[in-house]
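Visitor:
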Amino acid sequence: MFEYAWPLTMLIALVCGIFTGYPVAFVLAGVGVVFSVLADVPMLFLSMGVQRIYSGTLSNWLLVAIPLFVFMGLMLERSGIAERLMRSLAALFRGLPGGYAFAVAIIGVIMAASTGIIGASVVLLGTMAMPAMREAKYDMKLASGLIASSGTLGILLPPSIMLIILGDQLRISVGDLFMGAIYPGLLLAGLYFAYLAGVAVFAPGRMPPPAQVAQPPLGAMIWALVRDLLAPLALILSVLGTIVAGVATPTESAAIGAAGAMVLALISGALNFPSLRAALHDTCKTTAMIVFVMIGASIFSVVFRRLGGDDMIIDFFNIHESNPYWVLFIVMAIIFALGFFLDWVEITLVVVPIIAPVIAALDFGIPQGQVMIWFAVVLAVNLQTSFLTPPFGYALFYLRGVAPDLPISTIYRGVAPFVLIQIMALLLVICFPQIVLNLPMSGR
Amino acid sequence: MPRLLHRMLALFRLPGQWASWLVLPLVASVLLSVIAAQYGWTTLLDWNGRLPILGQALTVNSLIDLQWYIFAIIVLFGGVWALLDDNHVSVDFLSLQMSPRRKLWIRMLGDMVFLVPFCAIIAWYGWSFAETAWRTSEGSAQGGLDGRWLIKAALPVAFGFLGLLGALRALGTAIQLARRADDAPDGPDHPPLNEAR
């Protein structure tokens, strides 16, 4: 173990540094710099890090998709399209038991496939559906769990910034990853629907239909729904459709989506100077915040590798003698546990580069080149739970932000069944790699 | 923190705020290259002689270069801005329980131990990269934009700003700590709920 003294202390310093609450990007880079001084790594070695910042990150055309997708999501959020859709769906389903709940789940899927911005989805669903569900005397545990988890679908369903970064980190095609994530995302949404249907049948008291309400004619409601669905569906088709059909790269379809979202905001009359400026400012800072963690991580890993960190990890997992599924299980369990405290940015950029060589060296009986696609999507499903697991799940924070009077214990107990559903989906995706690989491989 | 210092720090927001408008030409430029690819254009505009930065012609590769130049500028100067506004990703479930004074201590030590040395090294090596690019008048290898030194120079400039901001902030925090003022750090003391995450 002594040969690994440097990388081990480096990891410990990283963990301690991160938990002080100082920005992760600079803890990563700073630990790298400090240890290169302590361990007497030639300074010139750090210039390799500069080279990597420049060639691996800043001139990486794939990453250009990040600001474009962020901007698209922020523009769509301001266009009010999701609010209108929510209203017309809720009007149609209002009479049924759990009508609002199904409406929330459907909106969650549509927002996930069009914007993929978790905060925006959870806040929107929370502000719109929470009061209505409360008034209809829904079980607030169910309502909060449903809103948090439906709003979180966006991290898995493409277009997703997390998948872009995973693709970059694991050196696989983001187009393949987007396609690979579609069925698992829909599977997860399907499990949510099944759960809701189960509740509606066996415990209708948790989401009762409202007392008699005056219903507008059915035809008018369906017409309103079709009208409000048109814009988001057109956008989803133009963004995802072009990627799946292979006619556009993620960066290109992101630009198409960004332009489309601006047009939709213009039509809705929401495109004015203050809202545009606010969206641009948020886009700039959000992009910088994600990419700076990448920059910090590349400095850290240059030094970590130099000090023998990779060998330490490989030795630790003892991959040459262990069952590959056992190694996968340990990796997934570690990431699930980390998800209680960290969120996807830290995990994808710090943990994934460290463990990726381990996975690549395992034999799952899946052809080379497909293993990593499968692994990335499995990871994505796992990381999605990090948004929902207390105490540090972002979706829970957003939900508390919009429903401050809701006791935190209600929210925690509410997400529990949904976290179980996530774990179920994770197991299904692990046991049946075809769920992931079917779509990306069908075009070959 | 002294008022003058506080005002000086606020200036570091400006480059990022200006850079954020570049998202619009970025969208336009990617769209233009999608259209160009559809119609099979490779050269969009042609002229005699050589123009600074643009080179001999405006090609699809110039557009692609322009796209990552914009991306790099947004990231670099947005990163400076995000530091000022406390938007950088951080794990704050422990720090939420700390006293304001302890938070200030952590911020000051972090700035001095992690941030400033890192920025100094990147700025130093980044500068020599930019200088090499300037001396060899490096351009795109595939007929894209010329003047690659410009974008390479953005790296040391931005990290210079970032390091300077970190050093000034550490100084301000030290003054604040020495005065035994118990006011909270200037940033928000709740987790920064950046909705775009």
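Those sequence lines, one after another, are chains U and D.
This note's numbering applies: residue -14 is where the first sequence begins, and numbers increase by one.
This note's numbering applies: residue 270 is where the second sequence begins, and numbers increase by one.
Positions of the beta carbon are idealized from the N, C-alpha and C atoms, including for glycine.
Anyone know if the C-beta pair for L(-4)/U and V12/U falls short of 8 Å?
Guide: Counting from one through the first sequence, the residue named residue -4/U turns up at place 11. Counting from one through the first sequence, the residue named residue 12/U turns up at place 27. Going by C-beta atoms, L(-4)/U is not nearer than 8 Å to V12/U.
Visitor: Could you tell me the boundaries of the alpha helix (DSSP H) in which W418/D lies?
Guide: Taking the first residue of the second sequence as 1, we reach residue 418/D at position 149. 417 to 447 is the extent of the alpha helix (DSSP H) around W418/D.
Visitor: Looking at the unbroken alpha helix (DSSP H) that takes in Y(-11)/U, where does it start and where does it end?
Guide: In the first sequence, counting from the first residue as 1, residue -11/U sits at position 4. Neither: Y(-11)/U is in no alpha helix (DSSP H) and is coded neither H nor E.
Visitor: Using a Cβ-Cβ cutoff of 7 Å, what residues of the region 374 to 393 of chain U are near chain D? List them in chain order.
Guide: Hits within the stretch, in order: P376, F377, Y379, F382, Y383, G386.
Visitor: When you compare the CB of S73/U with every CB in chain D, is at least one pair closer than 8 Å?
Guide: The sequence position of residue 73/U within the first sequence is 88, counting from 1. No, its Cβ sits nowhere closer than 8 Å to a Cβ of chain D.
Visitor: Which value, in whole angstroms, describes the spacing of the CA atoms of A174/U and P202/U?
Guide: The count along the first sequence starts at 1 and reaches residue 174/U at position 189. The count along the first sequence starts at 1 and reaches residue 202/U at position 217. So the two alpha carbons sit approximately 30 Å from each other.
Visitor: Which complete alpha helix (DSSP H) runs does the region 231 to 314 of chain U hold, if anything under 4 residues is left out?
Guide: Here the runs fully enclosed are 235 to 252, 258 to 291, 294 to 302.
Visitor: Can you give, in chain order, each stretch of the alpha helix (DSSP H) that sits fully within the region 132 to 184 of chain U and has at least 4 residues?
Guide: For the region 132 to 184 of chain U, whole alpha helix (DSSP H) runs of length 4 or above, ordered along the chain, are 146 to 155.
Visitor: Take A182/U and list the residues in its own chain whose beta-carbon comes closer than 6 Å to its own, dropping the five residues that flank it on each side.
Guide: Here residue 182/U corresponds to residue number 197 of the first sequence, with the count starting at 1. Closer than 6 Å at Cβ, skipping near neighbours: no residue.
Visitor: Just verifying my parser: in three-state terms, what is the DSSP assignment at A128/U?
Guide: As a working mapping, residue 128/U is identified with position 143 in the first sequence. It is helical.
Visitor: Output, in chain order, the set of chain U residues within a Cβ distance shorter than 8 Å of W290/D.
Guide: Sequence index remark: in the second sequence, residue 290/D carries index 21 (1-based). Under the 8 Å cutoff, chain U gives L265.
Visitor: Compute the Euclidean distance between the alpha carbons of V43/U and F382/U, then round it to the nearest angstrom.
Guide: Against the first sequence, residue 43/U aligns to sequence position 58. Against the first sequence, residue 382/U aligns to sequence position 397. The question names Val, yet the displayed sequence has Leu at residue 43/U. When rounded, the distance between both Cα atoms is 31 Å.
Visitor: Could you tell me which of P169/U, M297/U, M192/U, A318/U sits nearest to F417/U, measuring between CA atoms?
Guide: Here residue 417/U is taken as the residue at index 432 of the first sequence, counted from 1. Answer by Cα proximity: P169/U.
Visitor: Residue range of the alpha helix (DSSP H) that Q353/U falls in?
Guide: What you label residue 353/U is simply residue 368 of the first sequence in a count that begins at 1. Here Q353/U belongs to no alpha helix (DSSP H), and DSSP marks it neither H nor E.
Visitor: Taking only the alpha-carbon atoms, compute the straight-line gap between L274/D and W290/D and give it to the nearest angstrom.
Guide: Along the second sequence, read from residue 1 onward, the residue named residue 274/D stands at position 5. Along the second sequence, read from residue 1 onward, the residue named residue 290/D stands at position 21. Their Cα atoms are separated by approximately 27 Å.
Visitor: Within 10 Å of its beta-carbon, does D25/U have 16 or more other beta-carbons around it, so buried, or fewer, so exposed?
Guide: Translated into positions along the first sequence, residue 25/U becomes position 40. Label assigned to D25/U: exposed.
Visitor: What are the start and end residues of the alpha helix (DSSP H) that includes G84/U?
Guide: What you label residue 84/U is simply residue 99 of the first sequence in a count that begins at 1. From DSSP, the alpha helix (DSSP H) with G84/U extends over 84 to 99.
Visitor: Who does T328/D pair with in a DSSP beta bridge?
Guide: Taking the second sequence and counting its residues from 1, one reaches residue 328/D at position 59. In the DSSP output, where bridge partners are listed per residue, T328/D has T312/D.
Visitor: Is the CB of V248/U under 8 Å away from at least one CB in chain D?
Guide: The residue you call residue 248/U lines up with position 263 of the first sequence. V248/U does not count as touching chain D.
Visitor: Scan the region 384 to 417 of chain D for residues whose Cβ lies nearer than 7 Å to a Cβ of chain U and list them as they occur along the chain.
Guide: Against chain U - using a Cβ distance shorter than 7 Å - the residues of the region 384 to 417 of chain D are L384, P386, F387, I390, I391, Y394, G395, F398.
Visitor: Helix, strand or coil for N317/D, going by three-state DSSP, please let me know.
Guide: Residue numbering aside, residue 317/D sits at position 48 when the second sequence is read from its first letter. Note: N317/D maps to strand in three-state DSSP.
Visitor: Which class does F281/D belong to by DSSP, given the choice of helix, strand or coil?
Guide: As a working mapping, residue 281/D is identified with position 12 in the second sequence. F281/D falls in the helix class under three-state DSSP.
Visitor: Output, in chain order, the set of chain D residues within a Cβ distance shorter than 8 Å of F326/U.
Guide: Looking up residue 326/U in the first sequence gives position 341. Residues of chain D passing the Cβ test: V360, F362.
Visitor: Quick one: is F281/D near chain U, going by C-beta distance under 8 Å?
Guide: Here residue 281/D refers to the residue found at position 12 when the second sequence is read from its first residue. It does not: the Cβ of F281/D has no partner Cβ on chain U nearer than 8 Å.
Visitor: Say whether the region 97 to 114 of chain U touches the region 63 to 79 of chain U, bearing in mind that this needs 3 or more beta-carbon pairs closer than 8 Å, one atom from each stretch.
Guide: Yes, the region 97 to 114 of chain U touches the region 63 to 79 of chain U.
Visitor: Identify, in the order they occur along the chain, each residue of the same chain with its Cβ nearer than 8 Å to the Cβ of V421/U, setting aside the five sequence neighbours on each side.
Guide: Reading the first sequence from its first residue, position 436 is the one you call residue 421/U. Around V421/U: G165, A166, Y168, P169, I358, W359, V362, V363, V414.
Visitor: Could you work out which residue in V358/D, I420/D, F340/D, L283/D is closest to F4/U when comparing CA atoms only?
Guide: By 1-based counting over the first sequence, the position of residue 4/U is 19. When only C-alpha atoms are compared, the closest one is V358/D.
Visitor: In chain order, what residues of the same chain have a beta carbon less than 8 Å from the beta carbon of N463/D, not counting five sequence neighbours either side?
Guide: On the second sequence, position 194 is the one that residue 463/D refers to. Annotation note: pLDDT 48 at N463/D (below 50); position unreliable, no value reported.
Visitor: Using a 10 Å radius around the Cβ and a threshold of 16 neighbouring Cβ atoms, would you call M297/U buried or exposed?
Guide: Locating residue 297/U in the first sequence gives position 312, where the first residue counts as 1. So M297/U ends up on the buried side.
Visitor: Along chain D, which residues have their Cβ under 7 Å away from the Cβ of T272/U?
Guide: Your numbering for residue 272/U matches position 287 in the first sequence. Those within 7 Å of T272/U in chain D are I343, V344, G347.
Visitor: Distance cutoff 8 Å, beta carbons only. Does P52/U sit that close to anything in chain D?
Guide: Residue 52/U sits at position 67 when you count from the first residue of the first sequence. Yes - at least one Cβ of chain D is within 8 Å of the one on P52/U.
Visitor: How many angstroms separate the CA atom of F428/D from the CA atom of L335/D?
Guide: Numbered from its first residue, the second sequence carries residue 428/D at position 159. Numbered from its first residue, the second sequence carries residue 335/D at position 66. Distance between the alpha carbons of F428/D and L335/D is about 21 Å.
Visitor: Just how far apart, CA to CA, sit L48/U and V276/U?
Guide: Numbered from its first residue, the first sequence carries residue 48/U at position 63. Numbered from its first residue, the first sequence carries residue 276/U at position 291. In a straight line, the C-alpha of L48/U is about 9 Å away from that of V276/U.
Visitor: For F340/D, go through chain U and note every residue whose CB falls closer than 9 Å to its CB, in chain order.
Guide: Mapped onto the second sequence, residue 340/D falls at position 71. L43, S44, N45, W46, L48, V49, I51, P52, T272, V276, listed in chain order.
Visitor: Give the DSSP-derived three-state secondary structure of L413/U in the structure shown.
Guide: Counting from one through the first sequence, the residue named residue 413/U turns up at place 428. Helix at L413/U.
Visitor: Looking at the structure shown, is Y338/D part of a helix, part of a strand, or coil, going by DSSP?
Guide: Residue 338/D sits at position 69 when you count from the first residue of the second sequence. Note: Y338/D maps to helix in three-state DSSP.
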